[in-house]
Amino acid sequence: MLGLFLANYAALVALMLPFAALAFVAVSAIFVYNTLILSRNRTCEAWSGIEVQLKRRSSLIPNLVETVRGYASHEHSVFAEVAQARGALAKAAGPAAMAAADQGLTLALGRLMAVAENYPQLQAVATFSQLQEDLADTEEKVAYARQFYNRNALDYNTRIQSFPGNQFARWFHFNAVDYYNADAASRADVRVQFTAV
Amino acid sequence: MSPSEGVAGQVLVYDRIAHNRRKTWFLVAFAVAALAPFVLGISWAVAASVVMRLSPEAGRARAQARMTELILQHTRADGRERDQAIIDLERRVEEQRERAATLQRENSTLRMKLMPVLAAALISALVLLFWSIASSPTSRLLVQAGARPAVQAEAEAQRVLENLAIGAGLPVPKLYVIESSAPNAFAAGMHPEHAVVAVTRGALGLLDRRELEGVFAHELSHIGNHDIRLNTIVATIALFLRIPYLMFRREMSGPSQRSGTIWWRLAISPFGLYVFLIAPLAAALIRAAVSREREFLADADAALLTRYPEGLLRALAKIGGAGSAQTASTAAFEHFYFANPAEPGRSWFIGRMMATHPPLADRIQRLAGYEGDSALAGLERAVQDGRKYIQDHPVVELDQTLAPAAGDELSALNQGNVMGRVYRVASDEPVSVYEMSNLKSCRVATVEPGALIVGFDDPGPMCQVNTADQTFGYIPRSVVLTPVDDLIPAEVYDPQLRAAAEARLARATAAERIPPLPKAGLTTRQVMIALSFGVAVFAGMLLLLVEFGGR
């Protein structure tokens with residue numbers, strides 16, 4: 000049946016073939032483009048996850064500072080440092096800058112906690128230990144949100160750097176995204192601070 | 000752990016994940032391939048018997064031809080000369096043979112036309128079976144496992160689960176606690192948005208935060224990989240292939256001997272050998288193998304998610320020391336659990352090939368492969384901890400009458416929803432609850448519209464319900480009830496839990512902002528399934544009509 004059709008309409012088929020090939024290319028191009036868009040949107044969504052957690056962490060800090068200030072009002076330099084680091088994080092834009100600012104804030108908080116260690120009566124305050132616990136939990140949430148973002152970013156970057164995605168990436172201006180990377184040394188430092196809670 | 004080791008380990012994890020994925024697809028393809036001869040064989044057998052009953056002339060004509068031939072042979076044997084009578088007989092044999100052959104041909108074309116219809120019917124039966132298993136609410140499984148929603152006391156575990164869900168990019172599953180001291184856990188739900196994670200009290204008590212993280216990461220990986228759906232599909236195919244065998248086994252163990260012989264006669268034939276022996280065996284093996292593969296995959300994914308395989312390693316070692324057998328599990332849901340809820344069999348075949356979970360030692364070895372052998376150092380202690388824990392907290396044996404029907408997978412299907420299912424009353428006015436299955440009987444309670452009640456599946460003129468304050472009664476079938484599948488009956492009965500559940504449901508609906516579903520009528524999916532089923536039936540009828548209409 001098909002053979003008969005082919006024999007009778009060979010010319011027609013020959014004419015149709017390029018169109019069929021074109022249609023195939025067009026359909027696969029749409030598919031590739033859509034996967035790129037999906038991948039990019041997922042990365043954006045994962046990024047907003049980090050922002051949410053960082054904001055949450057920032058909002059815990061004023062309360063924490065106030066609680067510590069009630070017992071150690073003369074440690075101005077530490078409070079100023081925390082406030083400055085928090086301001087820097089609020090102003091930072093883009094994964095790399097934000098990771099750096101977040102790291103700065105983590106260091107400042109580590110110093111604040113070190114100061115708090117010197118005031119045993121502060122450790123006994125329920126709100127302080129609650130805040131400390133919340134902070135530790137949020138740190139963990141930031142870490143997981145970061146991992147999710149990095150995984151999505153890796154997926155997206157791989158797609159736009161490998162064929163045929165790289166062609167589309169050039170035409171439609173898909174740019175590689177930065178990973179959210181904090182320095183390993185500073186993170187290890189913070190771990191030590193909080194596991195004692 | 001040095002960074003270089005870590006990188007090497009992670010590469011291994013990725014390799015392992017890719018390998019497991021490939022193996023799963025191979026196994027699924029194998030299951031589907033096993034399905035084809037099964038469906039063809041059964042539809043051939045049914046078509047043959049239908050044709051035999053519809054037009055028995057072919058058989059009769061063949062018998063007649065044979066009879067005449069016999070007469071001819073006897074006549075020849077007498078040593079008579081070849082006279083007119085013998086020539087007549089020879090002609091008659093020829094005629095009858097021809098007639099038999101024609102009828103035979105007609106019958107076989109008829110059989111060939113019947114077969115696709117029957118095969119389509121069998122496939123739609125498989126789809127319906129899958130649908131009935133898949134649409135079985137998660138709450139039913141939770142009730143069967145004896146789970147209750149987590150409360151404030153388990154806030155720590157809830158926080159761990161929440162944080163991991165952020166890392167996996169999944170909506171936070173609801174946490175349930177099973178009151179059993181054998182450490183185990185499971186994830187359920189056909190879609191990540193409705194997924195739940197249940198963990199036993201034993202696991203919460205025995206495992207520390209890092210170990211619990213490993214267990215939850217494993218369960219979240221199951222949810223993220225859609226393992227629950229995959230396992231359900233494979234289990235459905237396996238059950239479908241095993242139905243003839245299970246019925247055969249039930250028939251054999253039953254008191255009736257007469258029907259038993261029919262089954263035996265069916266079983267002893269090449270067709271029967273495949274349907275009753277090879278297919279069910281292959282199905283059970285494939286189902287178990289897919290489940291085992293997915294366990295390894297979830298372990299690898301969990302190592303990747305927590306970036307801390309030691310936690311999961313220690314958890315596995317502790318569970319290995321304590322033992323994970325659950326009394327409240329059925330064969331149909333074994334593959335949902337973190338560690339095998341059934342006592343593993345002793346022999347190699349039952350214990351290895353038919354088990355839904357790989358031995359804990361194998362899982363530990365593969366996980367240790369990502370980390371290097373240094374990870375194995377602290378495990379001996381963990382095993383000891385597990386042993387000590389289970390000595391201090393012995394597993395209370397459930398009363399067997401309360402436990403879900405033990406036995407084969409069929410019983411899990413037709414057992415119904417003994418503990419009830421949560422519904423919301425969707426009528427506009429208060430509904431009266433009657434004392435008996437009779438509108439003239441006493442009214443024992445009134446249910447406000449929108450209230451939660453627990454309904455039971457039992458047949459009868461009126462629907463059996465339990466109100467929130469546990470008043471049992473009957474309501475008319477005309478009252479529209481919308482199932483609320485992520486609640487379990489215990490949550491409706493307890494006022495505190497009910498308030499929490501209502502708040503959560505209100506939040507969920509506000510977050511989704513979807514237009515309210517029509518109170519009555521079918522969902523799109525139900526309409527689609529009904530439509531396709533109707534089309535299949537219509538096509539079959541049309542085919543039969545075209546075939547037999549003229550006769």
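Sequences listed follow chains A and B, in order. When you line the first sequence up against numbering that gives the first Met the number 0, it's residues 0 to 196, in that order. When you line the second sequence up against numbering that gives the first Met the number 0, it's residues 0 to 550, in that order. Don't be surprised by glycine CBs; every beta carbon is placed ideally from N, CA and C.
Please list, in chain order, all residues of the same chain as Gly223 (chain B) whose beta carbon is under 6 Å from its beta carbon, the five residues on each side excluded. Cβ-Cβ distances below 6 Å link Gly223 (chain B) to Ala167, Leu169 in the same chain, with the five nearest sequence neighbours on each side left out; the list follows chain order.
At the 8 Å Cβ level, is Ala135 (chain A) part of the contact set with chain B, yes or no? Between Ala135 (chain A) and chain B, the shortest Cβ-Cβ separation is not below 8 Å.
Tell me the residue span of the alpha helix (DSSP H) that contains Ser436 (chain B). That residue, Ser436 (chain B), is in no alpha helix (DSSP H); it is neither H nor E in DSSP.
Can you list the residues of chain B that Ala125 (chain A) reaches, using a CB-CB cut of under 9 Å? Neighbours of Ala125 (chain A) on chain B: none; closest Cβ ~16 Å, over 9 Å.
On the CB-based measure, 16 or more other CB atoms within 10 Å of its CB, does Val534 (chain B) come out buried or exposed? Classification of Val534 (chain B): exposed, given that the 10 Å Cβ count is below 16.
Residue-chain proximity (Ala144 (chain A), chain B), Cβ-Cβ < 8 Å: True, the Cβ-Cβ gap to chain B drops below 8 Å.
Looking at the C-beta of Lys54 (chain A), does it have a partner C-beta in chain B at a distance below 8 Å? Closer than 8 Å to the CB of Lys54 (chain A) there is not a single CB belonging to chain B.
Taking C-beta pairs closer than 8 Å, name the residues in chain B that Glu50 (chain A) reaches, listed in chain order. Here the premise fails: no neighbours, minimum Cβ distance about 13 Å.
Interface residues of chain B facing Ala45 (chain A) [CB-CB closer than 9 Å]: Chain B residues near Ala45 (chain A): Gly168.
Pull up the DSSP beta-bridge partners for Phe185 (chain B), would you. Secondary-structure assignment with DSSP links Phe185 (chain B) through a beta bridge to B:Ala197, B:Tyr336.
Inter-stretch contact at 8 Å, needing at least 3 Cβ pairs: the stretch 439-458 of chain B / the stretch 98-109 of chain B: The stretch 439-458 of chain B, when compared against the stretch 98-109 of chain B, does not touch it at the 8 Å Cβ threshold.
Using 10 angstroms around the beta-carbon of Gln525 (chain B), count the other beta-carbons present and answer buried if the total reaches 16, otherwise exposed. Exposed, since its Cβ has fewer than 16 Cβ neighbours within 10 Å.
Could you tell me the alpha carbon to alpha carbon distance between Tyr13 (chain B) and Lys22 (chain B), rounded to whole angstroms? Cα-Cα distance, rounded: 14 Å.
Quick check: Leu206 (chain B) and Lys387 (chain B), are their CB atoms within less than 8 Å of each other? The Cβ atoms of Leu206 (chain B) and Lys387 (chain B) do not sit closer than 8 Å to each other.
Where Ile363 (chain B) falls: helix, strand or coil (DSSP): Three-state DSSP puts Ile363 (chain B) in a helix.
Exposure label - Ala84 (chain A); buried when at least 16 CB within 10 Å: Result: buried.
Please classify Phe23 (chain A) as buried or exposed, where buried requires at least 16 neighbouring CB atoms within 10 angstroms. Exposed.
Can you tell me the Cβ-Cβ gap for His423 (chain B) and Leu496 (chain B), rounded? I've got them flagged as a contact below 8 Å. Correcting the residue type first, residue 423 (chain B) is Arg in the shown sequence and not His. Not confirmed; about 16 Å, so no contact.
Answer yes or no: does any C-beta atom of chain B fall closer than 8 Å to that of Phe23 (chain A)? At a cut-off of 8 Å between beta-carbon atoms, Phe23 (chain A) makes no contact with chain B.
Within-8 Å CB hit, Ile86 (chain B) to chain A: Not a single CB atom of chain A sits nearer than 8 Å to the CB of Ile86 (chain B).
Neighbour-count burial assignment, Gln383 (chain B), 16 or more Cβ in a 10 Å radius: Gln383 (chain B) should be labelled exposed.
Taking just the CA atoms, how far does Ala197 (chain B) sit from Ala405 (chain B)? The predicted position of Ala405 (chain B) is uncertain, since its pLDDT is 47 and thus under 50; a value taken from the coordinates is nonetheless stated next. A direct Cα-Cα distance of roughly 21 Å separates Ala405 (chain B) from Ala197 (chain B).
Contact under 8 Å by Cβ, Glu434 (chain B) with Ser440 (chain B): Yes, the pair counts as a contact, with Cβ atoms nearer than the cut-off.
Counting only runs that start and end within the stretch 41-112 of chain A, where is the alpha helix (DSSP H) found for 4 or more residues in a row? Listed in chain order, they are 75-90.
Identify every residue that forms a DSSP beta bridge with Thr445 (chain B). For Thr445 (chain B), which the question treats as bridged, DSSP gives the partners B:Ser431.
Pairs of beta-carbons, one from the stretch 29-49 of chain A and one from the stretch 72-86 of chain A, closer than 8 Å: are there three or more? Of all C-beta pairs linking the stretch 29-49 of chain A to the stretch 72-86 of chain A, fewer than three are shorter than 8 Å, placing the two stretches out of contact.
Under a Cβ-count criterion, where at least 16 other Cβ atoms within 10 Å of its own Cβ denotes burial, should Ser260 (chain A) be classed as buried or exposed? An answer regarding residue 260 (chain A) cannot be provided, because it is not within the stretch 0 to 196 covered by chain A.
By Cβ distance below 7 Å, which residues in the same chain neighbour Asp133 (chain A) in space, the five residues on each side in sequence not counted? Once the five neighbours on either side are set aside, the close Cβ partners of Asp133 (chain A) are Leu59.
Would the beta-carbon of Ala467 (chain B) fall within 8 Å of that of Val443 (chain B)? The Cβ atoms of Ala467 (chain B) and Val443 (chain B) lie no closer than 8 Å to each other.
Any C-beta of chain A within less than 7 Å: which residues of the stretch 153-165 of chain B qualify? Cβ contacts with chain A come from Arg158, Asn162, Leu163, Ile165.
Checking contacts by CB at 8 Å: is His140 (chain A) closer than that to chain B? It is Lys, not His, that sits at residue 140 (chain A) in the sequence shown. With 8 Å as the cut-off, Lys140 (chain A) counts as an interface residue toward chain B.
Taking the Cβ atom as the reference point for each residue, do Thr305 (chain B) and Glu212 (chain B) lie within a distance shorter than 8 Å? Their beta carbons are under 8 Å apart, which means Thr305 (chain B) touches Glu212 (chain B) by this criterion.
Throw me the rounded Cβ distance for the Val50 (chain B) and Leu113 (chain B) pair, which I believe falls under 8 Å. About 7 Å; that satisfies the 8 Å criterion.
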